[in-house]
Each structure stands twice: as C-alpha cells, then as structure tokens.
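Here the structure comes first, spelled out in structure tokens, and everything after it is commentary.
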Amino acid sequence: MVGSILIFDSGIGGLSVFEPIQRQLPHHDIYYLFDNARLPYGDLNEQELIQGCVELIVEQVRQINASIVVVACNSASTLVLPELRKQLTIPVVGVVPAIKPAAQKSKTGHIGLLATPGTVARQYTQDLISSFAGGCKVTLVGSSELVLIAEAKAKRQTVNHAKIASILAPINNTNLDTLVLGCTHFPLLRQEIDEALTHKVVLLDSGDAIATRVMSFMDDKGNGETEVQGTLKAGYTKEIDVGLKETLADYGFTQFECIAVAN
Ligand code: DGL
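Just so we're aligned, residue 1 is where the sequence shown starts under the working numbering, counting upward by one.
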C-alpha cells in the first residue's frame, strides 16, 4: 500500500485541483489539508506564509506518511516550493498560473490574470509573463475578496453577485479574450465569473495539468485492488461549520479532523 496524496491549500480552493486528481486516481487515499486559520494567504507577508506552510505540510507528510505533496495554491506555490523540496524526499508538485496556454490561445493578444494580490505582485508571476506572454498585453486583477466569496459559497452561504461584477469590471472594459484563473479558489466560482463577464472570455485554470503531473509520478493503482475506492480525509487548522462539512462530503470526503497549528 502506498502513502496518501497530500493536497494542500489555504482553504477550499484546492478542491478544484483535488477533483481532477481524484477523477484520474480514484483508488488512491487522498488527504486534503487546508490552513483555514490563516486564510486568505494572498494578504499574508511572504516570510509568514513560507514558514507556516512549510512547517504544516512537513509535519502532516510525516503524520500520514504521504507519498506526494500537491501545493494546490498559487499564492503558496510561488514561494514555498524550493524550501519544501529541500525538506522532503517525496515529490512536491506546485500550481503555476496558466499564463503560457493563455498566451497561446488568445486571438486578441490581450489576456488577463485573476489571482490573489500576493500572486499578481510576485516576481515569479512577472517572470512567467515575460517568459511566456511577452507578446501579449496582460491585465492583472488581484482580489482576496473573491477568495472569501468562494469560501462563502462552499459554506452554502449566499454568493454576492454584485461584488463579483465589481471585481471583474476592469476586465469587462477591455478586449481581453482569455482569462487565467490564477487562484485555485476561482474555478469554484467559474459559473458566477462567467455570468459576470459582459463579453466572451475563455477561462483557464491549471487543475487538469496538475492532475496529469501527479499521474506521472504514480506507477501503481493505489490500494492494490483496483475496485477499492481510496479514503478521502480532510484536515484543517480551524474548526469548520456544518455547511462546509456537507460540501466536503459532497466531494466524497468521509473523514474530518481539526489539527492544531503552532503560532
Ligand atoms: N487558493 C489560493 C491560491 O491559489 C489562495 C487563496 C488565499 O488564501 O488567498 O492562490
């Protein structure tokens, strides 16, 4: 039996990466770890973010004997991958905003990146743009509010459509035709984002690409017997409410635990 796949995010955003991974690897045990005590990551200072994530992930890898880590968070991936890879001997897969495919797909030569304020400001993102979208105009929109709206939706609270429309206003005033959802929370609002856009825009995220990358590290079928479904367990750093538990149950999670986090 192999160890679990550990998928990590600040909140429920990683579910947009969990879904394609679980679809492709239904027989693997998956542990979904989210640091809701410190969400949103997009507003955290870099040192705090790096240290907290690395400690939390490394400890949980040890607890569950994980065989691979997926950092399903753009805000964290842009910072923590080198340190994690230094401290762990198992593969560590990160998320990269889909700038390259967006630049290749765009017909107007104008693309957008919708991400957290942290991700849009990072050197990592600037480098991605210069390397892969040099010939494009790129509109950057950073929003933590959209992260909180996705969290509210997962808690089964009302989604604030007017707020989404005002966040997307800078995109509606342009001729950009391809928008990168560079925060894993945002595919969970795909329909709402689509409805708030006033012209046709292709929305791109990295979920499937990450799942394919994870598959490339897997040389077995999980629990050995291909008929056996993997166990899906969720761990979080702050107690969650009933609505969120129900949402996680809808995704197939059957086990839940609140884990202590050092401050
Ligand atoms: N889901 C995360 C991302 O992909 C971060 C959201 C947040 O905590 O700000 O960037």
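We put the beta carbon where it would ideally sit given N, CA and C, even for glycine.
Query, Result
"Cβ contact check for the segment 245 to 257 and the segment 227 to 236: 3 or more pairs under 8 Å", "yes"
"For Asp9: DSSP bridge partner residues", "Phe34"
"For Tyr236: DSSP bridge partner residues", "Phe34, Cys258"
"Stretch pair the segment 121 to 135 + the segment 148 to 165: three plus CB contacts closer than 8 Å", "no"
"Delimiting residues of the beta strand (DSSP E) encompassing Thr178", "178 to 181"
"Rounded distance between the beta-carbons of Val17 and Ala103, thought under 8 Å", "22 Å between Cβ atoms; not a contact."
"Status (buried if at least 16 other CB within 10 Å, exposed otherwise) for Gln22", "buried"
"Cβ-Cβ distance between Asp208 and Pro82 below 8 Å", "no"
"Asn74 CB to nearest heavy atom of the ligand DGL below 7 Å", "yes"
"Separation of Thr237 from Ala260, as counted between CA atoms", "6 Å"
"Identified DSSP bridge partners for Thr231", "DSSP, once it has assigned bridges, lists no residue as partnering Thr231."
"Proximity of Val93 and Val70 at Cβ, strictly below 8 Å", "yes"
"heavy atom of the ligand DGL below 7 Å from Ala115 C-beta", "yes"
"Chain-order list of residues whose beta-carbon lies under 6 Å from that of Ser143 (same chain, five-residue window excluded)", "Ile167"
"Limits of the unbroken alpha helix (DSSP H) element including Lys155", "Here Lys155 belongs to no alpha helix (DSSP H), and DSSP marks it neither H nor E."
"Proximal residues to Asn65 (C-beta, below 8 Å), its chain only, five neighbours per side dropped", "Gly3, Ser4"
"Cα-Cα separation, Ala165 to Ile193", "8 Å"
"C-beta atoms of Asn172 and Thr108 nearer than 8 Å", "no"
"Span of the beta strand (DSSP E) around Val70", "68 to 71"
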